[in-house]
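Residue numbers (our numbering), protein chains in the order written: chain A, 13 to 125; chain B, 48 to 158.
Each remark here refers to the structure printed beneath this line.
Here's what the structure looks like:
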């Protein structure tokens, strides 16, 4: 199993550009989520999904869209990139039931200039 | 929503000493509490977890305690080694669907 795979690993965007961070998992996990990590602020939940066709907002959803058309894939879209979205992004997945931990992808380093 | 607070933000200990990191949570419905270790430039990795029906769990040099009444849980690392140096995150989850993380503790073990 590859686990949780994220692409790209590094990306530089100009303000106003849009892009999609890809996330795929091969563990048949129902639950998938996106976090951003900023210095001193830990991991903050952007969006999550409890199954194909179902998504919901987390703590910091503004400026981001997600979709979940299949169990395996959960892309994160930045609609119009802003410097405040410079961050490290982690995709994660889990079986979703109580007591099941989440597994993180390797992270995507995004810089918006 | 859930609010998780983590202290201290930085911690330095001498090799061989113990390290303790504390977290508090606000939502009494939270029932799963994992701890993650993150090395520089890497993804967070699970090191230990505890469920709300257990008060303490130990795995070699690492232990976690949970006080549901006071809504706090702690990570204990004994006989610290330089390779324990990393950032540690606590988290609280309700039924495994949403995870709320603390802001992290940067642990430095001085040889």
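Cβ coordinates follow ideal geometry from the N, Cα and C atoms, glycine included.
Quick caveat: nothing in here was measured; it's all calculated off a predicted structure.
Three-state class that DSSP yields for residue i in the structure shown
i              : result
residue 96(A)  : helix
residue 42(A)  : coil
residue 107(A) : coil
residue 55(B)  : coil
residue 81(B)  : strand
residue 130(B) : helix
residue 113(A) : coil
residue 80(A)  : coil
residue 57(A)  : strand
residue 91(A)  : coil
residue 29(A)  : coil
residue 100(B) : coil
residue 72(A)  : coil
residue 64(B)  : coil
Beta-carbon gap between residue i and residue j smaller than 8 Å
i              : j              : result
residue 80(A)  : residue 65(A)  : yes
residue 119(A) : residue 37(A)  : no
residue 125(B) : residue 156(B) : no
residue 53(B)  : residue 150(B) : yes
residue 35(A)  : residue 62(A)  : no
residue 21(A)  : residue 125(A) : no
residue 104(B) : residue 95(B)  : yes
residue 60(A)  : residue 44(A)  : yes
residue 83(B)  : residue 91(B)  : yes
residue 118(B) : residue 99(B)  : no
Chain B within 8 Å of residue i, Cβ atoms only
i              : result
residue 101(A) : no
residue 52(A)  : yes
residue 113(A) : yes
residue 116(A) : yes
residue 119(A) : yes
Residue-level contact to chain A via CB, residue i, 8 Å cutoff
i              : result
residue 91(B)  : yes
residue 149(B) : yes
residue 146(B) : yes
residue 120(B) : no
Near the ligand ATP: residue i beta-carbon under 7 Å from a heavy atom
i             : result
residue 54(B) : This structure does not include the ligand ATP; it has no bound ligands of any sort.
Cβ of residue i within 8 Å of any chain C Cβ
i             : result
residue 62(B) : The structure shown has no chain C; the protein chains it does contain are A and B.
- Query: For the region 129–146 of chain B against the region 61–75 of chain B, are there 3 or more C-beta pairs whose distance is under 8 Å?
  - Reply: yes
- Query: Quick one: any contact between the region 97–115 of chain B and the region 92–107 of chain A, if contact means 3 or more CB pairs under 8 Å?
  - Reply: no
- Message: Please list, in chain order, the residues of the region 55–82 of chain A that have any C-beta partner in chain B closer than 9 Å.
- Response: 55, 56, 57, 60, 62, 68, 70 and 71
- Per the contact definition of three or more C-beta pairs closer than 8 Å, is the region 17–35 of chain A in contact with the region 92–99 of chain A? yes
- Message: Closer than 7 Å between beta carbons: that is the criterion. Which residues of the region 70–101 of chain B meet it against chain A?
- Response: 78, 79, 81, 90, 91, 93, 96 and 98
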